[in-house]
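Here is the structure we will look at, set down as C-alpha cells.
Protein chains: 2
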Amino acid sequence: MTEPTAAAAGRAGAPDENELAALDAHWRAANYLAAGQIYLMDNPLPAESLRPEHIKPRLLGHWGTDPGLNLVYTHLNRVIRNRDLDAICVWGPGHGGPAVLAGSWLDGSYTEVYPDVTRDARGMARLFRQFSFPGGVPSHVAPETPGSIHEGGELGYSLAHAYGAALDNPGLLVACVIGDGEAETGPLAGSWHADKFLDPVHDGAVLPILHLNGYKIANPTVLARIPESELDELLRGYGYEPVHVSGDEPLAVHRALARAMDDALDRIAAIHRRARAEGATDRPRWPVIVLRTPKGWTGPHEVGGLAVEGTWRSHQVPLTGVREDPERLRQLEEWLRSYRPEELFDDEGRPRPQVLACVPEGDRRLGSNPHANGGRLLRDLPLPGPEDFAVPVDAPGTTSHEPTAVLGGMLSRVMTDTAPVRNFRVVGPDETASNRLQSLYEATGKTWEAEELPGDEHLARDGRVMEVLSEHLCQGWLEGYLLTGRHGLFSSYEAFVHIVDSMVNQHIKWLRSSRALPWRMPIASLNYLLTSHVWRQDHNGFSHQDPGFVDHVLNKSPEVVRVYLPPDANTLLSVADHVLRSRDYVNVVVAGKQPTFDWLGLEQAREHCARGAGTWDWAGTESRGREPDVVLACAGDVPTQEVMAAADLLRRHLPDLAVRVVNVVDLTRLMPREEHPHGMPDAEFDGLFTRDRPVVFAYHGYPWLIHRLCYRRAGHGNLHVRGYKESGTTTTPFDMVVRNDLDRYRLVMDVIDRVPGLGVRAVSLRQAMADVRTRHHRWIREHGEDLPEVSGWSWSG
Amino acid sequence: MTEPTAAAAGRAGAPDENELAALDAHWRAANYLAAGQIYLMDNPLPAESLRPEHIKPRLLGHWGTDPGLNLVYTHLNRVIRNRDLDAICVWGPGHGGPAVLAGSWLDGSYTEVYPDVTRDARGMARLFRQFSFPGGVPSHVAPETPGSIHEGGELGYSLAHAYGAALDNPGLLVACVIGDGEAETGPLAGSWHADKFLDPVHDGAVLPILHLNGYKIANPTVLARIPESELDELLRGYGYEPVHVSGDEPLAVHRALARAMDDALDRIAAIHRRARAEGATDRPRWPVIVLRTPKGWTGPHEVGGLAVEGTWRSHQVPLTGVREDPERLRQLEEWLRSYRPEELFDDEGRPRPQVLACVPEGDRRLGSNPHANGGRLLRDLPLPGPEDFAVPVDAPGTTSHEPTAVLGGMLSRVMTDTAPVRNFRVVGPDETASNRLQSLYEATGKTWEAEELPGDEHLARDGRVMEVLSEHLCQGWLEGYLLTGRHGLFSSYEAFVHIVDSMVNQHIKWLRSSRALPWRMPIASLNYLLTSHVWRQDHNGFSHQDPGFVDHVLNKSPEVVRVYLPPDANTLLSVADHVLRSRDYVNVVVAGKQPTFDWLGLEQAREHCARGAGTWDWAGTESRGREPDVVLACAGDVPTQEVMAAADLLRRHLPDLAVRVVNVVDLTRLMPREEHPHGMPDAEFDGLFTRDRPVVFAYHGYPWLIHRLCYRRAGHGNLHVRGYKESGTTTTPFDMVVRNDLDRYRLVMDVIDRVPGLGVRAVSLRQAMADVRTRHHRWIREHGEDLPEVSGWSWSG
C-alpha cells in the first residue's frame, strides 16, 4: 500500500475450488501443528500409532482460540499474496501461541530465525516438544514468536497496539484479531474510538477482526450473546462498517471469509484513494470483520460425554489424561489424523506445495515482516541537542523556568525535524498544554479526524500529538508505534499513570525477553514524562497525588527500567536528550511544570546527569578533605528546592556546620551494583553519602523507596528520608511540603536532631524553625495563601 | 421503587410555567453558589459591590461542568419529589465539586452534616470560603460531600459505581452523570455493557446521563464530535434506548429535560412492571439521556476577547486575575448578579421558597439518601464461622487441600445465608471456577441477562457471582456495592489485579478520608482474593507473573490497608472469616488454588492468624530458653512449603543446628508500630526474629519488600530474603522456585552460608544441595517434568 490503491491491487475475484482446497490445506496443517504442540513430544507426523511416551507429561496451552487464529493466518496469507500487501497482524488472543507458531513455521519464518527448527519432521518434532516445555518457548505469542508485536496474555490492548503500528505507516495494513473475551475489557472497548485518530493519508489501515467464538474461560461472552443487529449497531456507532462471516462448515467459511477480506480490503483501498488521490477530508468508515466460528473448532467434539468443541471446555487442553487413558490416546490420534496429515506433509514432514500455495514470500510473510521487528526499521531521531534550548544560569537559584515548557521547545524542534519522516509522536491524556508542552503545536497539530468546529485550536488531520482521555489508548498507541520502529514520549499526570501499571508491566517483560533474542533488533525506549506531580495538585488535591509509579517500575527487570528526577530545566533537557537516544528501556522522567529555580548551567547539568548523582559543592559548606557533619540529599524538583533552602538556613545560622548537599537525578544509582546496571559501587556510595554521618534525604515520592534502594549500604542506619506520606488536599504547594514534613524548616530540625553537639545556637534555631511552621499553619488557614516570608526565598549561597 | 411501578408514581405530566420558573430558580441558585465557591471569601450575597478583598487569593476549582451538574441536580430533585423516588446520583465529573456542594447546601443536607455551614448568609460565606481553601474542603466531590459515593477526579468509573450501587437494591434509582471526557476512557467504555448484568427483578435501575458539554481540558471530546446518529447507534449497540436533550436556552432545556426524565422514568417503571409483575425475561433496553449543553454555560461569555462559555476555556476558572484587575472584578460581579441572587435568597441569605420548591424531603434528598452513606444501611454478614469448613489436620504436612476450594465452601454458605437479604456478591474476571471457588454455584448462579444457549452452566438472571472479563468493571461494581452498604469479595489472578491499581488507590483514599468524618458510617472492607499466583502459572508463564500488588497497596494509608498470606487451607478460612467481618479496610489476601499441605488445625490456625506472625515450634529444632542458630522465616503458601522442606533437610542432616521456623500471615506485622497499626513493637520483633541471628526469609513476592518493611529493626543487617525476581516462564512449579532461588535446597545453602562454624558436614551438605539443583536443571529440560525425588517431599517433623 505504498501506492494509494495497493490494497486492491493484484488478483481479484473469489477463490476457485483449487484455491479453496489450498486454503483449507494450509488451515488444516496449521490446526494439526497447533494440536501437535500441545500434545506431542515425539512421533510428530504421526508416523506410527501414538503411544504414551509420545505424549508430553504436562499438557499445557490453549487450544480453543487456535483454529480461529489459524483461519485468519491462512486468509491473511492469501490476501497478502494476492495483493502484494505489506501487512502484519496483532493477535489479541495471543494465548493461542500454538497457532501463530504454526503459521510462522509454515511460512518458513520460524526456521530462518531458529535454524534448528527446520521445516521438516525433525524440526516439527522440535517445534512440538519445545512448546510450553521447560527451557522451550512460552505458551503465548511472545517476543520469541516471529512476526509478533503483541503478547496476548493480559488482554485488552490489541486494538490500541494495532492502531499504534499503523500510524505514520501509510503503506501498512495492520490486521488485528480481537477475541470476544478481550472485547469485554475496558481498554479494548475504548480503543475502537481510535478510528477518530487515524489519518487516511499519512497512516496505514487497521483491519479489526472481531472473532466471536462465543466463550471465555468458563462463560459465554457478551458480544456473542447480543443480537447481531445490536452488535452491528455497536460497531457502526464506533464508526465502522461491519462485514459478518459466520459458520462451522469449513469450505463455506473459507469462501465467506475470502470474500469478506476482499471486500474489506477493497473498501480500505477506496478510502485511501478518496483521501490520497481525491483529497476527501471526511472521516472514513473503516471496515471491521465479525467472524463467528466455534471455539475449539475441529477439535474433540465430546469428551467424557460433555460437549467440548464449540464450548468453553475447549479453552485450554480439550482432552486430558491422554498419557494415562488409552481411550483418550485413541481419541487424540483420531483427532490428529482427522486433519489428514499425510496430505499435508510429505514423508520427510515437509509441507506439501498445496499447503504453501497461499504463503507469501520474503518480508511479505507475516512471520518476517520487518514492521514486527521494529528495530530493523528504526532510524535515529534527529536530536538537536539541548544547547539551543538551555536556559542561561549565571548563578544558581536566581532565575526560574517551567522545566517542561523548556523541554517543550526541544520536543517541538524534534517534531519539526521529523516532519519529513514522521517517526516521532507525543501522546497524552488531554494534558499536553496543561503540562506546558504547548510549543509542540508550533511544529504539528493534535491528531483529529472527527468533526471540527470554529474556535478549535491546533487540531489537524495529520497532527502527531495525540490526545485522548484514555491513558490505556495513549500507552497502547505508543507501544505499537515503538514496537514498529519509531520514537515517542508519553506525558501524563503523575498520579494517573498508575492506570497503565499493568500495561507497562507487560511492555517491560516484552523488552526483557526481546533483549535475550539476537534476532530482535533494539527499539526506541518507552519514555514517560510524569508531571503535574504530587506536590502541585493545587486544583485537585488528594485524589491526584500518587508518586508510586516509580516504585512500581523499580520492581521490574533492572535491565530495562530507568528512573530520572531532574531538578531543574537544564537537567530535564539533558535527561530528555539521553532517554530519546536510548534503546530497549522504559525511562520514567519525573519533572515539574511549575516555575522552578535554575540550579545548573547546561554543561554542569550534563555532567551531573552523566554521573546520575553528585555533590553540589557550591551548595554545601564542607571543607575539602574533611568529612562533612551531615549530608543533605535530594531527588526531585520540589525536594531539591527545600533542601537548598534548608542548606541556606544552615549556612546562615550554623555557619560552622559542615553540610554536604547531594542531588540524585538517576534513582537507580542508589541501588547496589549487583541489582542494577546503574548501581554505584559501595566505595562511590560511601564517598558520596559517607559511611557514618547522618544523611537527611528529601525525596519526591514515598520515603521508604529510598530505604529499599539503599538498605545494603554501610551508612544505611544513618539515613533519614522525608517524602510524600499520603497527606494531601487542595492547598498551597508550600503547605503540601509542610504537611508531609518535607519543608526546609523540618529538614533543618532533622539535621539538628541528628548531628550531636551543636550547642545552644542550634537549640534556639530548632525552636525558631518549629515556630515558623506553627505560624505558617495558622496563617494559611486564615488567609488561604502562604505567608510570603515563610514560603518564598532566594538562594544566598 | 420498592413497588414495581414506583418510578412512574406521583404527579405526572410536563411542568407548568410555575414549576419551570421554580426549576430555573433552583438551577440559578446552584450556579450562583458554585461560582461563589470558586471566587468569594466574603460578601457572599453579594450584599455590596465586590472589592478585591472579597476575592480568594488563589482561584481554584472547575467551573466548566458545574452548570450541567446543577441542571441534573435540579431535575433529579423534581422527579424524586414528584415520584417519591429513592434515588442517588453518581457524579462522574466529580471535579465539579462546587455544583454538588451547592445542591446539598440547598437541599439542607449539608447543614445537617456540617452544622456550622448554615443555610443562610453566614453559612453561605463559610460554604464559599472553605472550598479549595487550606483547612477547608476538597475541590472535588469527595467523601466530605454529602450524598456522594464517588470522587470524580480520576475519571472512568462512574458508570460501574452506579451499577454496583443498583445491584440488589430493587427500589433504588441510581442516576449517573457521565462527562464526555470520562466517556473516552476504557473503563467507562466497557462499563456500558453492565446492562447485561442488571436484573430488572432484584436490582434497581441505573439512569445514565451522558453529558456532552463538548470539551475536555483543552480539546473537543470524541462523542460530541461524531454525528448524533452515530452516537445513537453506539448507545443502542450498547443496549440502551437514547433520549436526546440539547440546547442553550434555559427554559427550553428545562422543559426538554423534564420531559426526558419523565420519559426515561416511565420506561424504567414499565421495564420493572414487565419483569416483576408480568414475568418478562427478555433483556430490557434501558433508557439513557444524552444531554448537550454548553460547557461553562451561563458563565463569562468572553474574556479578553476569547470565547469562554461553550469552550474548553471554561474548564477551570473562567475569569482569572480578578483581585488585581478592576475590569475583571466588574465582570465577575456582573456574572454573579446575572443570576439575580436577590430573587433567589432573602436578605438573610436563606433560599427563597421558589428555589426550594423542587427539593425533596428527609432521606429522599440527594444529599441525605442513606444509600450514599452505605454504613447507615450495613448489616453484618451472617458468617457461619470456619468450623464447618475446616480441614482436619492430624499431623502437619501429611494431607493437602486446595485452599481456595476449601474457602469456596464457606463462601457458598455465606451466599446461601444471604439469599433472603441479597447483600453479598463475589466478582471476578471469568475466574471463579478457575480459582476453585466453584462451590459458590451450589448457592447461586452467575449473573447473566444476555442470551442463554443450551449447554450454558450456572448462568442465572438473579445470580450473585459476577463474571466479566474486565477487572475495571469488577472493581467498580464491588466498590459501588460496598459503598452502598453491602459486602463482597473480588477474586482475581494475582498478576492482573494491577489493572485496577489506580482504582484501588482512589478507594483507599476514599476510605482514609471517610474515616475522619464522624457522619460517614463504616462500610464493609474491600476484600481481594489474589490467587492463580506468580508461582503457579504453568499454562501462562512470564506474562502472568507479578506479585507486586501487595507492594502497591502497602504504599498507601496504613489505617486502611491490610495484607494476608495464609499458608494453608485453615489459615485461609480464618483470614477470610476475619476480613469479611472487618470494616473500612482494603484487605489483600494472597492464597493458592493448587493442592497445598495442611499445616495447622483450625484452632492453631486461628491463634496463628490472630498473632499474624509466630514461631512454629513443631517445625523447628531450637531448644527452649536458648537462642536459635538461625531463623527460617516464610510468608506465602509456596515459600512456606519450601521453608518446611528446608527445615526438614536441616533437621535430618544437621541435627545439632538450632533452627527456628517463623511464619508470617499478616505482612504488616513486620512494620514498625509507628508506621502501621498492626506493626510489632521492637521487643516482639526481636523476640521472634532475634537481634543478631541470621534470618533466611522466603517471601512470596518481590524480596525487597521485606527489607522495606523491616529496615528499622535491630536485626535487619542479618536478614536475607528470597522471593520472586522476575525470572519466569511456562515451566513446572518446582522449576519456578529453583529459577528464583526460593527452593528448599537453595534455602539450606543460604543457611549454611550464614551460620558460622557448622563444620565439614555442612560443607558436604551444601555441595549435595548444589548437586541436586544441577541434576534437577538437567532433568527437567530433558523430560519436561520434575524429578519426583527432588521436588516431591513429605514432612518428617
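Residue numbers (this note's numbering), protein chains in the order written: chain E, 12 to 808; chain G, 12 to 808.
Every residue, glycine too, gets a C-beta built ideally from N, C-alpha and C.
Going straight from the alpha carbon of residue i to that of residue j, what length do you get?
i      : j      : result
G/Y710 : E/E653 : 37 angstroms
E/D441 : E/F501 : 11 angstroms
E/S805 : E/G408 : 7 angstroms
E/V333 : E/N224 : 25 angstroms
E/A25  : E/R270 : 6 angstroms
G/D512 : E/R89  : 43 angstroms
E/R617 : E/S585 : 6 angstroms
E/D358 : E/L70  : 27 angstroms
E/E800 : E/I791 : 12 angstroms
G/T429 : G/R475 : 10 angstroms
E/L632 : G/L166 : What sits at residue 632 of chain E in the sequence shown is Thr, not Leu. Cα-Cα distance, rounded: 48 angstroms.
G/A461 : G/G163 : 30 angstroms
G/W715 : E/H589 : 29 angstroms
G/L611 : E/H326 : 36 angstroms
G/A810 : G/D693 : Since the displayed chain G opens at 12 and closes at 808, residue 810 of chain G lies outside it and no answer follows.
E/R680 : E/R719 : 13 angstroms
G/E344 : G/L61  : 6 angstroms
E/H555 : E/D97  : 44 angstroms
G/E570 : E/E638 : 41 angstroms
G/P68  : E/T742 : 12 angstroms
What residue range is occupied by the uninterrupted beta strand (DSSP E) comprising residue i?
i      : result
E/E252 : 251-257
E/L730 : 730-733
G/F435 : 435-439
G/F139 : G/F139 -> not in any beta strand (DSSP E); alpha helix (DSSP H) instead, spanning 132-141.
E/A709 : 706-710
Please classify residue i: is it buried, with 16 or more other beta-carbons within 10 angstroms of its beta-carbon, or exposed?
i      : result
G/L170 : buried
G/R789 : exposed
G/R497 : buried
E/T455 : buried
E/R786 : exposed
I think residue i touches residue j, with their Cβ atoms under 8 angstroms apart; what is that distance to the nearest whole Å?
i      : j      : result
E/P238 : E/A136 : At roughly 47 angstroms, the Cβ-Cβ gap does not stay under 8 angstroms, so E/P238 and E/A136 are not in contact.
E/R296 : E/E338 : 52 angstroms between Cβ atoms; not a contact.
G/V597 : G/L522 : 7 angstroms
What are the boundary residues of the alpha helix (DSSP H) that includes residue i?
i      : result
E/L184 : Careful: E/L184 lies outside any alpha helix (DSSP H), inside the beta strand (DSSP E) at 183-190.
G/L494 : 482-494
E/S585 : 580-592
### Query
Mind listing which residues of the segment 299-329 of chain E have their C-beta closer than 7 angstroms to chain G's C-betas, in chain order?
A318, T322, Q327
### Query
Between the segment 509-523 of chain G and chain E, which residues of the former have a C-beta closer than 8 angstroms to a C-beta of the latter?
H509, I510, D512, S513, N516, Q517, K520, R523
### Query
According to a CB-to-CB cut-off of less than 7 angstroms, which residues of the segment 27-57 of chain E neighbour chain G?
Taking a C-beta cut-off of 7 angstroms against chain G, the contacting residues of the segment 27-57 of chain E are M52, listed in chain order.
### Task
May I ask you to list, following chain order, the residues of the segment 707-729 of chain E that have a beta carbon less than 8 angstroms from some beta carbon of chain G?
Y713, W715, L716, H718, R719, Y722, H727
### Task
Report the residues of the segment 60-91 of chain G with a CB closer than 9 angstroms to any CB of chain E, ordered along the chain.
For the segment 60-91 of chain G, which is checked against every Cβ of chain E, the residues closer than 9 angstroms are K67, P68, R69, L71, G72, H73.
#### Entry: Selection of the segment 542-564 of chain G by Cβ proximity to chain E, strictly under 7 angstroms
Residues passing the 7 angstroms Cβ filter: D549, H550, N551, G552, F553, S554, H555, D557, G559, D562, H563.
### Query
Given a limit of 8 angstroms on CB to CB distance, which residues of the segment 431-447 of chain E reach chain G?
D441, E442, T443, A444, S445
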